[in-house]
Amino acid sequence: MADRTPAPDTPELRDRWGGFEFTEAYRERADKEIAKYPPGRQKSAVMALLDLAQRQVGEETETQGWLPLPVIEYVADYLDMPVIRVLEVASFYFMYNLVPVGKFHVQVCGTTPCKLRGSDALFETCKKRGMVKGHVSEDGLWTLTEVECMGNCATAPMAQINDGNYEDLTPERLDAVLDALAAGEQPKEGTQEPGRHTSEPAGGPTTLKAMVDANHDYRDEW
Amino acid sequence: MPKVKVDGVEIEVPDGATVLQACELAGKEIPRFCYHERLSIAGNCRMCLVEVKPGPPKPQASCALPAAENQEIRTDSEMVKKAREGVMEFLLINHPLDCPICDQGGECDLQDQSVAYGRGGSRYHENKRAVTEKYMGPLIKTVMTRCIHCTRCVRFSEEIAGVDEIGAVGRGEDMQITTYLEQAAEHELSANVIDLCPVGALTSRPYAFEARPWELKKTLSIDVSDAVGANIRLDARGREVLRALPRINDDVNEEWLSDKGRYMVDGLTRRRLDRVWIRKAGKLQPASWDEAFKAIAKVKPQGSVAAIAGDLLDCETMFAAKKLVNALGSDLLEGRQTGLAYPVPSLAASAFNSTFAGIETADAILIVGSNVRWEAPLVNVRLRKAAKKGAKVFIVGPYWDPTYPAEFLGDDAAILHDLPAHVTEALAKAERPAVILGGAGLAAGAFDAALALDVQRDGWNGFNVLHFSAARMGSLMLGYAQKGGLADVVKAEPKLVLALGSDEVDWSQFDQSLKVFIGHHGDKGAHAADIILPAAAYSEKDGTYVNTEGRVQFAEKAVFAPGDAREDWTILRALADALGVSVGFDSFEQLQSAMIAEVPALGEEGLADLGKLPKAGKGKAKGRIAAYPIKDFYLTNAIARASAVMQQCSAELLHGGEALEAAE
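The structure is reproduced here in structure tokens:
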């Protein structure tokens with residue numbers, strides 16, 4: 001499991017992030033999230049606001065973003081809730097980074113289906129490119145994390161890089177995706193298997209074939 | 001009222017009861033860690049599993065399952081036994097085997113329940129989880145490796161104390177209980193989490209490695225740190241009181257105790273007066289009892305003597321002093337040391353008439369000049385409950401953090417004569433309106449104005465005075481109140497002043513008098529005294545105390561007073577002989593019967609009948625309530641001021657650790 005301890009509360013951290021505030025655009029989105037809940041229940045928007053704060057930090061630092069303590073305190077203050085309750089949420093969910101990450105946060109799934117379909121080779125590929133689990137690479141581009149199931153088992157193995165899922169990976173395909181990202185391009189998200197659209201069976205449907213083009217009533221055939 | 005069957009015995013349980021409560025009603029013991037009667041239900045320890053039909057064919061957590069009609073509950077089946085053994089085995093996976101060095105040993109739920117419900121041995125061979133200690137302030141010692149994640153401490157600080165400080169950070173195996181950035185828990189009830197913790201994760205820091213529970217002599221006593229009169233148990237070994245723990249009394253303290261009441265006990269062995277002192281040539285010199293009595297007799301105090309009662313006194317001491325003063329032909333008795341002179345037309349007019357349990361049900365509350373959180377932390381817990389149920393709370397006085405929503409109406413006491421419309425309306429429409437008048441409100445002359453407010457309903461008396469001296473109600477019942485307060489005593493210029501542990505008096509007013517201090521701590525009163533007669537603290541004498549509700553409670557003697565110190569009444573009895581007068585009692589029993597004969601209410605435990613509320617007088621509330629009388633919560637009385645733990649709390653929690661940093 002990745003280290004879930006918040007980055008230490010140093011004067012430098014306070015200096016850098018003490019004045020954090022939502023920008024106009026983010027404030028608008030934050031208030032929209034809060035408006036989804038009845039008045040007085042603004043606390044329910046805590047997960048959305050933490051995500052927005054992390055994204056804004058990401059924009060400011062040109063990374064995927066993370067949550068320094070002063071930012072967590074800002075969110076607590078924004079929602080008028082005790083900061084320990086916000087920290088509880090931030091430390092519970094993996095989508096919140098509590099320490100700085102690289103420009104691309106490569107989260108490779110290591111749970112059983114992906115493992116059976118060769119996720120070990122993906123970690124090997126990442127390692128060859130200089131990534132170390134839980135650390136930012138020297139060029140500041142990459143952070144590697146091993147995560148639990150992301151729900152893409154039908155297209156295992158997979159990796160989530162920032163907001164995109166890349167599925168049906170092989171070492172070569174992952175290399176290609178990472179090369180493209182490093183070069184500043186946006187590779188195709190989703191399955192990397194040629195000819196496959198999403199998670200449909202590879203090689204065409206095997207059941208309910210009559211349903212492919214039009215609705216079909218199977219009831220008489222049971 | 002659903003009927004359920006517990007282990008084959010049919011019983012009827014109240015509506016809304018849980019299966020666990022039903023089992024308890026049937027007399028079955030259900031092991032539990034996370035469930036607590038006064039906290040919300042979490043259902044995360046899984047120790048209370050029972051078998052319930054109808055329902056899924058697996059054990060169910062009884063604490064979170066409502067009892068329903070025709071349920072068949074089994075607590076003695078093989079499935080339940082195995083389930084408990086399984087849960088216990090899981091809990092013990094990461095719990096260290098360090099009971100021999102754990103302070104909870106001997107009073108540990110986990111220890112007891114693993115003996116009663118666990119398997120005989122462990123099958124676990126892997127490494128155990130280790131968790132770093134968390135700093136939670138000077139009172140709470142943490143050994144977080146022992147934590148079983150019951151979250152009772154988290155729920156207590158959120159629900160009861162109202163200060164969200166403790167939380168569970170991380171998830172799964174990495175979950176840890178901590179305060180934000182390991183800041184000290186800063187509220188007046190923080191140490192109650194030590195009692196709540198079912199294991200040795202949160203233990204008492206000042207009491208660390210002091211004693212085992214089975215070595216201690218347990219004495220039932222009453223807390224004197226404020227006027228709530230919390231029921232406590234003093235645990236003593238030899239001649240030293242090692243700790244104070246709350247007893248359960250739903251009418252008074254539920255099962256909580258303020259940090260001050262709990263931790264000032266180490267002050268009982270420090271700065272003690274344990275011999276007689278006489279001031280000679282401006283300096284206090286050790287002396288004998290005889291010399292002291294002779295020196296007192298020399299001033300010929302007949303007809304010119306006063307007694308000033310301190311804040312921690314029991315009724316017996318005050319009654320003995322009263323008899324002595326009366327025998328000497330005087331009736332100058334006063335207990336309001338700082339010079340307050342509010343009228344006492346009837347005792348009901350200076351009591352907390354709604355009662356603590358009653359104030360929970362109030363629906364509109366006006367607090368006048370009281371920082372309830374500091375003056376009576378356990379009453380603030382009740383007010384918080386009322387506020388959570390929807391009571392509107394208004395406060396006149398400078399800002400303090402009440403932990404519940406409250407509207408501050410400014411600090412001008414005159415506002416009572418002209419309350420804003422919405423406040424008047426809230427009080428008028430309320431079924432159970434209440435006004436709480438604190439010390440600062442009394443000082444601002446708000447007594448008559450508060451009494452004039454219409455807070456009486458059928459079967460409900462909403463007029464409350466909140467004192468913060470344990471002796472106050474007792475002293476008022478015994479007549480320790482001059483019309484003009486302390487100023488009357490000063491004006492009379494008595495030859496002899498008996499200072500009964502009174503440390504808050506400005507003694508420069510009594511330059512002409514012989515000041516005899518009968519008390520237990522070398523504090524402000526002793527510094528100003530001419531003669532010091534060492535007496536007993538609350539832990540060292542039997543006594544009757546009356547809390548601010550007018551509830552009479554008895555405390556027992558836990559240990560003997562140190563050195564030459566004697567129980568107060570024996571000193572006053574001997575002094576009577578030295579002065580050649582008779583007070584009419586020779587033993588504590590005679591003293592008590594004489595006191596009960598004079599004030600019958602003091603002979604019966606429970607709420608005293610204080611009579612009817614008088615009509616409001618013409619007094620005008622005027623002036624600003626600039627500040628509350630308590631400047632430092634942790635240092636309000638001589639015992640607390642002598643306590644190293646209270647001094648540390650004051651320095652660290654109230655003064656931001658400046659003192660500690662300076663020391664480094």
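Those sequence lines, one after another, are chains A and B. Per the UniProt record's numbering, the first sequence starts with residue 1, numbered consecutively. Per the UniProt record's numbering, the second sequence starts with residue 1, numbered consecutively. Note that CB positions come from ideal geometry on N, CA and C, so glycine has one too.
Counting only Cβ pairs nearer than 7 angstroms, list the residues of chain B close to A:D9. Going along chain B in sequence order, the residues near A:D9 (Cβ under 7 angstroms) are L181.
Which residue or residues does DSSP assign as beta-bridge partners of A:Y166? Under the DSSP definition of a beta bridge, A:Y166 partners with A:A159, A:G190.
Got a sec? Which residues, its chain only, sit under 7 angstroms from B:V435 by beta carbon, not counting five neighbours each side? Answer for B:V435: L366, V368, A450, L453, V455, G462, F463, N464, listed in chain order.
Decide yes or no for the touch test of the stretch 635-649 of chain B against the stretch 253-261 of chain B: beta carbon pairs closer than 8 angstroms, at least 3 of them. Taking one beta carbon from each stretch, the stretch 635-649 of chain B and the stretch 253-261 of chain B have 3 or more pairs nearer than 8 angstroms; the two touch.
Selected residue, minimal CA-CA separation from A:T125, among A:P113, A:W142, A:D220: Ranking A:P113, A:W142, A:D220 by Cα distance to A:T125 puts A:W142 first.
Could you check what DSSP says for B:R270 in three-state terms: helix, strand or coil? When secondary structure is reduced to three states using DSSP, B:R270 falls in the coil class, being assigned neither helix nor strand.
Is the beta carbon of B:I639 closer than 8 angstroms to that of B:Y571? Residue 571 of chain B is actually Ile in this sequence, not Tyr. Against a cut-off of 8 angstroms, the Cβ pair of B:I639 and B:I571 comes out as no contact.
Report all residues from its chain with a CB closer than 6 angstroms to the CB of B:K5; omit the five preceding and five following residues, and keep chain order. Counting only Cβ-Cβ distances below 6 angstroms, and skipping sequence neighbours, we find E72.
From residue 751 of chain B to B:A576, what does the alpha carbon distance come to, in whole angstroms? No statement about residue 751 of chain B is possible, as the shown extent of chain B runs from 1 to 664 and does not include it.
Excluding the 5 residues preceding and the 5 following A:M47 in the sequence, name in chain order all residues of the same chain whose CB lies nearer than 8 angstroms to its CB. Within the same chain, Cβ atoms closer than 8 angstroms to the Cβ of A:M47 are found at V89, Y93, the five residues on either side in sequence being excluded.
Can you find a C-beta in chain A that's less than 8 angstroms from the C-beta of B:R373? By the rule that beta-carbons nearer than 8 angstroms mark a contact, B:R373 does not touch chain A.
What in chain B is Cβ-close to A:R4, meaning under 7 angstroms? Contacts between A:R4 and chain B, judged by CB atoms closer than 7 angstroms, involve G170, D174 in chain order.
Whole-angstrom distance between B:A537 and B:P501, CA atom to CA atom: Here residue 501 of chain B is Gly; the residue named in the question, Pro, does not match the sequence. So the two alpha carbons sit approximately 9 angstroms from each other.
Identify each residue in the stretch 74-101 of chain A for which the Cβ-Cβ distance to at least one residue of chain B is less than 7 angstroms, and report them in chain order. Cβ contacts with chain B: P82, V83, I84, R85, L87, E88, S91, F92.
Please confirm if A:A35 has its CB atom under 8 angstroms from at least one CB of chain B. It does not; no Cβ of chain B falls within 8 angstroms.
Taking the beta carbon of A:W222 as the centre, do at least 16 other beta carbons fall within 10 Å, making it buried, or is it exposed? Counting the other CB atoms within 10 Å of its CB gives A:W222 a total below 16, which places it among the exposed residues.
Under three-state DSSP, which class holds A:Y78? Helix, per DSSP.
Any beta carbon of chain A sitting closer than 8 angstroms to that of B:G167? Yes, its Cβ sits closer than 8 angstroms to a Cβ of chain A.
In chain order, what are the residue ranges of uninterrupted alpha helix (DSSP H) at least 4 long that sit wholly in the UniProt domain "4Fe-4S Mo/W bis-MGD-type" (216-272) of chain B? Qualifying alpha helix (DSSP H) stretches, in chain order: 259-263.
Selected residue, minimal CA-CA separation from B:W214, among B:A236, B:Q590, B:A440: Comparing Cα positions, the closest option is B:A236.
Beta-carbon neighbours of B:D7, restricted to chain A and to distances below 9 angstroms: Under a criterion of Cβ atoms nearer than 9 angstroms, no residue of chain A is adjacent to B:D7; the nearest Cβ is some 39 angstroms distant.
First through last residue of the alpha helix (DSSP H) which encompasses B:N464: Here B:N464 belongs to no alpha helix (DSSP H); instead the beta strand (DSSP E) covers 463-465.
DSSP three-state assignment for B:Y545, whether helix, strand or coil: If DSSP states are grouped into helix, strand and coil, B:Y545 belongs with the strands.
Limits of the alpha helix (DSSP H) - the one that A:E12 falls within: Run containing A:E12: 11-17, per the alpha helix (DSSP H) assignment.
Could you list the residues in the stretch 527-544 of chain B with a C-beta less than 9 angstroms from some C-beta on chain A, going in chain order? If the cut-off is 9 angstroms between Cβ atoms, the stretch 527-544 of chain B has nothing near chain A.
Same chain, Cβ closer than 6 angstroms to A:A121, neighbours up to 5 away in sequence not counted: Closer than 6 angstroms at Cβ, skipping near neighbours: P171.
Rounded separation between B:I625 and A:W66 - CA only: Each residue's Cα considered, the two are about 48 angstroms apart.
For B:L242, I'd like the list of residues in its chain whose CB is within less than 7 angstroms of its CB, leaving aside the five on either flank, ordered along the chain. So the list reads Y207, E210, A211, L216, D235, A236, once near-sequence residues are dropped.
Mind checking who B:Q176 pairs with in its DSSP beta bridge? DSSP output for B:Q176 lists B:V169 as bridge partner(s).
Comparing C-alpha positions only, which one of B:L498, B:H187, B:M47 sits nearest to B:S157? For the residues B:L498, B:H187, B:M47, the minimum Cα distance to B:S157 belongs to B:H187.
Using C-beta distances below 6 angstroms, list every residue in its chain close to A:P100, excluding the 5 sequence neighbours before and after it, in chain order. Sequence-distant Cβ neighbours of A:P100 in its own chain, meaning closer than 6 angstroms and more than five residues away, are W66.
Taking all protein chains shown into account, do 16 or more other C-beta atoms lie within 10 angstroms of the C-beta of A:P157, making it buried, or fewer, making it exposed? With 16 or more Cβ atoms within 10 Å of its Cβ, A:P157 is classed as buried.
Would you tell me roughly how many angstroms separate the C-alpha atoms of B:R32 and B:S190, rounded to the nearest one? About 23 angstroms.
Nearest to B:W256 by alpha carbon, out of B:K218, B:R457, B:V199, B:I194? Nearest of B:K218, B:R457, B:V199, B:I194 to B:W256, Cα basis: B:I194.
is_contact[B:W374, chain C] using C-beta, thresh 8 angstroms: Among the chains of the structure shown, chain C does not appear; the protein chains present are A and B.
With DSSP as the reference, label A:T143 as helix, strand or coil. A:T143: strand per DSSP, three-state reduction.
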